[in-house]
């Protein structure tokens, strides 16, 4: 099993550019989410989805969009990149939308916005 | 709003010693998670604690939850170098939102 796959692993953007971080899971998980990790801080939830066609905002959603057209994929779009979005991004999933279960994390995307 | 605080943020300990990491959360939450992160790596789930008084153990790590005190602890017994990592606790909020602490960077020295 591949688990949770994120691409790319590294990305450098210029301010104002847009891009999409890809996330795919092959475990038939209902719940998927995106986090950002900044130095000295824990992970902060950006957006999450409890199933195909359903998304909602987390703690820090501004500047990001998501969609969930299939169970497997949950891409994160940066609309107009800003230096404040320089961070490490993690995608995570779990089996149950009730969220009693642990999250499985992808390997992360290190994003730098110049 | 749910806030999660860990202490200490940095912990340097000698092999063979015991220590405890504390995780406090600010509002009602009956799900508490512990994760481990090695440098430059992703997060790995350690424990999920679902009820007051829950205790889980794996190897040299033991986690407990006191929902009345809004406190979880991660106890390290007879530390070894392989336990060096950053440990995060997280509490669930509204079933779909998970809030993380800032992490405790543990270094175990010989």
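Chains as they are written, first to last, in my numbering: chain A, 1 to 114; chain B, 1 to 110.
Think of the CB as a built atom: it goes at the ideal place given N, C-alpha and C, for glycine as much as any other residue.
Small disclaimer: the values here were computed from a predicted structure and weren't measured.
Chain B within 7 Å of residue i, Cβ atoms only
i                      : result
residue 105 of chain A : yes
residue 9 of chain A   : no
residue 42 of chain A  : yes
residue 108 of chain A : yes
residue 78 of chain A  : no
residue 111 of chain A : no
Residue j beta carbon less than 7 Å from that of residue i
i                      : j                      : result
residue 34 of chain B  : residue 65 of chain B  : no
residue 11 of chain A  : residue 114 of chain A : no
residue 127 of chain B : residue 49 of chain B  : The question about residue 127 of chain B has no answer here: the residues shown for chain B are numbered 1 through 110.
residue 24 of chain A  : residue 5 of chain A   : yes
residue 27 of chain B  : residue 61 of chain B  : no
residue 44 of chain A  : residue 87 of chain A  : no
residue 92 of chain B  : residue 29 of chain B  : yes
Distance, residue j Cα to residue i Cα
i                      : j                      : result
residue 15 of chain A  : residue 82 of chain A  : 5 Å
residue 79 of chain B  : residue 92 of chain A  : 29 Å
residue 77 of chain A  : residue 17 of chain B  : 46 Å
residue 41 of chain A  : residue 22 of chain B  : 16 Å
residue 90 of chain A  : residue 36 of chain B  : 14 Å
residue 69 of chain A  : residue 53 of chain A  : 6 Å
residue 84 of chain B  : residue 109 of chain B : 9 Å
residue 106 of chain A : residue 3 of chain A   : 8 Å
residue 100 of chain B : residue 88 of chain B  : 7 Å
residue 59 of chain A  : residue 51 of chain B  : 25 Å
Under the three-state DSSP convention, the category residue i falls into
i                      : result
residue 29 of chain A  : coil
residue 22 of chain A  : strand
residue 84 of chain A  : helix
residue 73 of chain A  : strand
residue 97 of chain B  : strand
residue 103 of chain A : coil
residue 65 of chain B  : strand
residue 56 of chain A  : strand
is_contact[residue i, chain A] using C-beta, thresh 7 Å
i                     : result
residue 26 of chain B : no
residue 88 of chain B : yes
residue 10 of chain B : no
residue 82 of chain B : no
residue 79 of chain B : no
For the region 59 to 79 of chain A against the region 57 to 71 of chain B, are there 3 or more C-beta pairs whose distance is under 8 Å? no
Is it true that the region 4 to 22 of chain B meets the region 48 to 56 of chain A, where meeting means three or more beta-carbon pairs spaced less than 8 Å apart? no
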